[in-house]
């Protein structure tokens with residue numbers, strides 16, 4: 003994955019949200035400055051790893067003196083694109099869709115949920131967390147007119163690829179996919195898969211290996 | 003993370019569920035043998051990476067001839083502990099809890115959901131996907147008597163650490179946590195956090211950087 007044209011390892015990118023989260027917690031505790039050593043202890047990453055990670059993005063300065071927490075929080079937020087206010091739709095208003103629509107953290111992070119789509123007539127017209135459920139037939143016009151950037155896919159496995167292809171056609175920029183499929187998309191559509199079962203299998207591995215120790 | 007006393011990088015462990023998933027799909031298509039080259043193409047990992055990954059677990063043999071898909075599937079499943087039939091409870095029967103309880107993939111992977119707990123009297127006594135919702139007060143006795151091994155935590159943030167501590171006390175082996183907190187647990191309890199919002203932030207990063215390219 004690139005940053006300003008330079009390659010950045012995927013593992014480094016994946017640590018950015020964690021840094022962002024921790025820095026947000028520090029701010030809540032009114033902690034304004036932190037050394038890489040103290041941040042390292044909280045994050046369970048070595049201080050030199052933190053400095054290396056930050057160097058991909060210009061370093062954020064002031065090693066000896068410690069980092070300015072608010073500045074770092076804002077800079078990492080901007081790198082993550084959290085200041086963009088991405089225009090978002092949710093496709094699929096089942097249990098998982100409901101859970102996602104009710105998840106307060108999204109709006110706090112600047113993702114604007116503008117509509118929910120479902121093909122179940124009983125669901126259409128209902129309102130989840132202040133957002134109306136529209137029928138699938140209206141999706142194309144809505145995505146194009148409202149210039150939707152992100153679609154959250156909380157659909158049955160069989161329906162996902164087809165809807166992903168259509169959304170890519172209609173100009174979507176990113177897909178956040180909860181179906182247990184590996185989406186194939188056009189190159190210019192970003193995809194993040196949340197394969198929850200993979201995480202459960204990793205837990206299973208940890209338990210099993212802990213028993214063998 | 004360890005395997006038979008040897009350290010295995012966490013990224014390698016995290017690829018195991020993906021291998022398992024792909025091999026399962028190959029089996030469904032009745033593909034019985036696959037070269038590391040062909041597997042590499044499907045997995046979007048280099049063939050040498052695959053061989054390196056497998057070497058942590060003894061190699062699984064037969065490079066020139068290709069891998070036996072069923073053997074590999076079963077071996078990786080065993081390494082992941084999927085043959086253990088872990089005794090599982092779900093704590094929290096909200097939208098996310100419902101989505102998790104209805105997620106067919108868990109039972110297919112050998113996780114046995116034995117009870118669901120919720121402190122909402124309206125929820126207690128209902129049945130989700132064939133599993134009864136019990137009141138929180140019965141959790142301690144149930145976990146101890148039924149020797150529950152895994153607890154899925156789909157709870158409000160504020161309640162999670164307290165219940166995690168209690169479950170650790172009652173002998174649970176692993177926690178699958180969906181709350182947006184970093185759980186601190188006793189060392190012998192395995193924890194997997196599903197921080198969905200981190201994944202959304204990563205998607206946001208990818209979209210933003212794609213625009214800058």
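Chains as they are written, first to last, in the working numbering: chain A, 3 to 215; chain B, 3 to 215. Beta carbons are placed, not taken as given, at the ideal position from N, Cα and C, and that holds for glycine.
Interface partners of residue i on chain B, CB under 8 Å
i	result
residue 178 of chain A	201, 202 and 205
residue 192 of chain A	205, 208, 209 and 212
residue 84 of chain A	203 and 206
residue 113 of chain A	202 and 206
Contact test: residue i Cβ vs the ligand GDP heavy atom, cutoff 8 Å
i	result
residue 78 of chain B	Looking at this structure, you won't find the ligand GDP or any other ligand, since it has none at all.
Beta carbon of residue i nearer than 9 Å to that of residue j
i	j	result
residue 82 of chain B	residue 18 of chain B	yes
residue 143 of chain B	residue 155 of chain B	no
residue 178 of chain A	residue 196 of chain A	yes
residue 130 of chain A	residue 90 of chain A	no
residue 35 of chain B	residue 70 of chain B	yes
residue 25 of chain A	residue 78 of chain A	yes
residue 135 of chain B	residue 127 of chain B	yes
residue 114 of chain A	residue 204 of chain B	no
residue 7 of chain A	residue 121 of chain B	no
residue 60 of chain A	residue 206 of chain B	no
residue 37 of chain B	residue 53 of chain B	no
residue 80 of chain B	residue 119 of chain B	no
Straight-line gap, residue i to residue j (C-alpha atoms, nearest Å)
i	j	result
residue 85 of chain B	residue 112 of chain B	6 Å
residue 100 of chain A	residue 62 of chain B	43 Å
residue 193 of chain B	residue 93 of chain B	15 Å
residue 88 of chain A	residue 74 of chain B	42 Å
residue 148 of chain A	residue 189 of chain A	22 Å
residue 33 of chain B	residue 50 of chain B	22 Å
residue 210 of chain B	residue 76 of chain B	41 Å
residue 174 of chain B	residue 72 of chain A	39 Å
residue 140 of chain B	residue 125 of chain B	14 Å
residue 164 of chain B	residue 181 of chain A	31 Å
residue 102 of chain B	residue 68 of chain A	42 Å
residue 212 of chain A	residue 171 of chain A	47 Å
residue 159 of chain A	residue 108 of chain A	24 Å
residue 12 of chain B	residue 22 of chain A	22 Å
residue 97 of chain A	residue 145 of chain A	23 Å
residue 31 of chain A	residue 43 of chain A	17 Å
residue 5 of chain B	residue 208 of chain A	9 Å
residue 138 of chain A	residue 187 of chain A	20 Å
residue 55 of chain A	residue 47 of chain A	10 Å
residue 14 of chain B	residue 202 of chain A	15 Å
residue 106 of chain B	residue 105 of chain A	23 Å
residue 45 of chain B	residue 169 of chain B	37 Å
residue 161 of chain A	residue 183 of chain A	10 Å
Contact with chain A by residue i, beta-carbon distance below 9 Å
i	result
residue 23 of chain B	yes
residue 88 of chain B	yes
residue 182 of chain B	yes
residue 39 of chain B	no
residue 63 of chain B	no
residue 30 of chain B	no
residue 101 of chain B	yes
Residue i at chain B interface by Cβ criterion, 9 Å
i	result
residue 69 of chain A	no
residue 5 of chain A	yes
residue 13 of chain A	yes
residue 35 of chain A	no
residue 81 of chain A	yes
residue 16 of chain A	yes
residue 107 of chain A	yes
residue 188 of chain A	no
residue 175 of chain A	yes
residue 19 of chain A	yes
Contact list for residue i against chain B, beta-carbon separation under 7 Å
i	result
residue 58 of chain A	Under the 7 Å cutoff, chain B gives no residues; its nearest Cβ is about 12 Å from residue 58 of chain A.
Amino acids of chain A, ordered along the chain, whose beta-carbon sits closer than 7 Å to that of residue i
i	result
residue 196 of chain B	198 and 201
residue 104 of chain B	97
Chain-ordered chain A contacts of residue i [CB-CB under 9 Å]
i	result
residue 152 of chain B	202, 205, 206 and 209
Report task. Report the residue ranges of all alpha helix (DSSP H) runs contained in full by the region 8–34 of chain A; include only those spanning at least 4 residues, in chain order. Result -> 12–30
Query raised in the report: Quick one: complete beta strand (DSSP E) runs, 3+ long, within the region 67–102 of chain A?
Result: 89–93
Query raised in the report: If you scan the region 132–171 of chain A from start to end, which runs of the alpha helix (DSSP H) of 4 or more residues do you find wholly inside it?
Result: 141–147 and 159–171
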